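Structure, as structure tokens:
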Amino acid sequence: MSTVAAGEEGVMAAGLGRRLAREVASWSVTLKLGAVLLALIALAALMAPWIAPFDPEAQDYDAILLPPGGVHLFGTDNVGRDIFSRVLYAARLDLSAGFALTFVPMIYGVLIGAYAGYRGGLVDAVVGGIANVAIAFPFLVMIVVVVAVIGPGIDAIYISVFLLAWTMYARLARADMMVERAKDYMLAARVLGFSTKRIVLRHGLPNVVGSSLVFAMSDFVLNILLLSGLSFIGLGIQPPTPEWGAMIAEGKEFILEAWWISTLPGLAVVLTGTALSLIGDGLARRFSDRHGGPA
Amino acid sequence: MTNSLSSPPVTAPARLAVERLTVEFGGGGGWRRLGGVRAPIVRAVDDVSFAIAPGETLGLVGESGSGKTTVGRALVGLVRPTGGSLMLDGQDLSAIGRAGRRGVPRRIQMMFQDPYGSLNPRFSVRETLAEVLRFHHIVPPDGVAAEVRRMMDLVGLPASLADRMPRHLSGGQRQRVGLARALAVRPSVLVLDEPVAALDVSIQAQVLNLLQDLRDTLDLTMLFIAHELGVVRYVSDKVAVMYLGAVMETGSAAEVFTRPAHPYTRSLLDAMPHLIADKRSRPPVLGGEGGEAASGCRFRARCPRAGDACAVAPPLVELSAGHGVACHFPAA
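If you read the protein sequences in the order shown, they are chains P and L. Its first residue numbered 852, the first sequence is counted upward by one per residue in my numbering. Its first residue numbered 7, the second sequence is counted upward by one per residue in my numbering.
Set out below in structure tokens:
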């Protein structure tokens, strides 16, 4: 018996590897391109301490407003900081903050929405009411209030986004779950006596998380833009910490004589946004293939 | 509240007895009343009674909207009855409560119609079956793999399909997996909701034969819900014909199919396609879609035999032993 079980486990492990290989092979060019691009950006961010030629906050008054090229690959700003190093370090902040701002609300948003959609009735009505209040609340008013209370910085952005951003995910998951719960396999799970927790988490959730995942990719882009935008107007990351939006803001006074200070961090934003959009697009196609298409 | 006429006598004590079952939808109870929302009440099942002896198969027949699926869903707890009782081996199912707790295998299981929707698209055959076995502790953990193979073998699925995902299975294979999943908890009663309606005719016969074999080997009691009379006739010992939520005629399959007493049953049988077309005796086709008559017999508006007496709803009365009919003018 034990040898059979061990043998089966081996088969299953091999099956997992094969499944993964087949999974990647089934990706569209869009999805592959986006994944590679994002992986490169993430790798650059991770390796920043080793790749960056200069300290991102070190000022060098002998090298002010140098154009791109030479030792300073992306040039320097008005206090002689190396733009390339700052862009690399900013990637760490922007990617990790964007990730948290996107996926933390996604987790509880999807859970709340899936549960409300499954239960319906009173639970759904209460969740729907709370979600509508959150949706009706203007985000900028929220962030200004939070900044007024705890001061500007990344924490204010986290609090505001965590309070409001879950609603989109809750709505997507709720709508999908309402369709899913009427399907026979969900009814079968109920007839088999499975607990509500098991039905929602194990049977329902994997089948309703797709649209949220696709939306999360565009939300990720929007959150990086939000972080950059808020930093640009001074409500987000404070100087001298490198952040793409803050860097764009710093360069705006020199845009005519030193275009690179604003443009190159902006390019990093665009590149990251493109990678995420490609992934989102590829994922959307991937999920529709799974559900509709033939084997 | 015993109505000796509505539950035909059975020789053995009933495994499953449905007494005056009523199911209503809508009405806007509870919190919805706060918003002033009040959906019209629809009585999907109206005072339905029947009993099934152990090892027996009851065919529940009717057109779509007749409430036959709702009866099945009430039995497995998917809809809550508004009235009446459901007895399993003499025990009230509502008293047993929501036996949804871990380790309490369900004694009534269900097989579904849609082979494409009845399996979780993300679980392989093995995962689908193993989950049920583990959740209800049907076998010890180290016996799950063997039990999965045994269940697959029981429903005629080759072991090589164990790691297939549902999208890589045919409709007939999916239905077999759905059947194995239902049987995994060792139920004594199986509710089959149009189990072969979505399958090719050749596959239908295979699945029906499998069901009959399993009924004999596992001593299953079955409620077979279908709209196709040919299929029902093939598998059922007894038949109940439903129309707009109520039982119109009930009796042994042989009796009902050879001597239909209710005009509705007769029109259903007449509507069955025959191998040799006989143009001279082409049956009258029922008109309309069966809107419920405001009062009296619910079949009145479409009935060729309707008379003044039909303004009063006819009770289900016994024509002969075990053959009940709800009609003022039953055919002799």
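Backbone N, C-alpha and C define an ideal beta-carbon position, used for all residues, glycine too. Because the structure is a prediction, the values reported are computed rather than measured.
- In terms of Cα proximity to Ala57(L), the closest of Phe118(L), Val253(L) and Tyr270(L) is Val253(L).
- For Asp933(P) and Arg128(L), the gap between their C-alpha atoms comes out near 50 Å.
- Counting the other Cβ atoms within 10 Å of the Cβ of Asp913(P) gives fewer than 16, which makes it exposed.
- Here Ala319(L) carries a coil assignment [DSSP, helix/strand/coil].
- The residue among Leu1078(P), Arg1032(P) and Gly1131(P) with its C-alpha nearest the C-alpha of Arg943(P) is Leu1078(P).
- For Gln212(L), the secondary structure class from DSSP, reduced to helix, strand or coil, is helix.
- Listed in chain order, the positions of the region 975–1006 of chain P with a beta carbon within less than 8 Å of a beta carbon of chain L are Ala976.
- Residues of chain P whose Cβ lies closer than 8 Å to the Cβ of Gln115(L) are, in chain order, Val1042 and Leu1043.
- For Val154(L), no CB of chain P lies under 8 Å from its own CB, so it is not counted at the interface with that chain.
- Between Thr28(L) and Gly65(L) a beta carbon distance of about 22 Å is seen, past the 8 Å cut, so the two are scored as non-contacting.
- Comparing alpha-carbon positions, the option among Ala50(L), Ser55(L) and Val51(L) lying closest to Arg26(L) turns out to be Ser55(L).
- With distances taken between CA atoms, Gly1044(P) lies nearest to Ile114(L) out of Leu220(L), Ile114(L) and Arg173(L).
- Beta-bridge partners assigned by DSSP to Tyr249(L): Ala252(L).
- Within chain L, the residues whose beta carbon sits less than 7 Å from that of Gly866(P) are Asp169, listed in sequence order.
- In the displayed model, Leu92(L) falls within a strand according to three-state DSSP.
- The beta carbon of Tyr1036(P) falls within 8 Å of a beta carbon belonging to chain L, placing the residue at that interface.
- Membership of Val161(L) in any beta strand (DSSP E) is not indicated, and neither H nor E is assigned to it by DSSP.
- Under the three-state reduction of DSSP output, Gln97(L) falls in the strand class.
- In the displayed model, Ser326(L) falls within a strand according to three-state DSSP.
- In the structure shown, Thr927(P) falls within a strand segment according to DSSP collapsed to helix, strand and coil.
- Neighbourhood of Asp120(L) in chain P, by CB distance below 7 Å: Asp1035, in chain order.
- Taken through DSSP and simplified to helix, strand or coil, Phe56(L) comes out as strand.
- In this structure, Ile1130(P) keeps its C-beta atom at 8 Å or more from the C-beta atom of Leu962(P).
- Annotation for Gly949(P): the continuous alpha helix (DSSP H) segment containing it runs Ile934 to Arg970.
- Per the Cβ contact rule, the region 147–158 of chain L is not in contact with the region 200–210 of chain L (fewer than 3 Cβ pairs under 8 Å).
- As a beta-bridge residue in DSSP terms, Asp199(L) pairs with Ile231(L).
- At the C-beta level, Leu1056(P) and Ala965(P) come within 8 Å of one another.
- Looking at the backbone, the Cα of Leu92(L) and that of Ile1008(P) are separated by about 57 Å.
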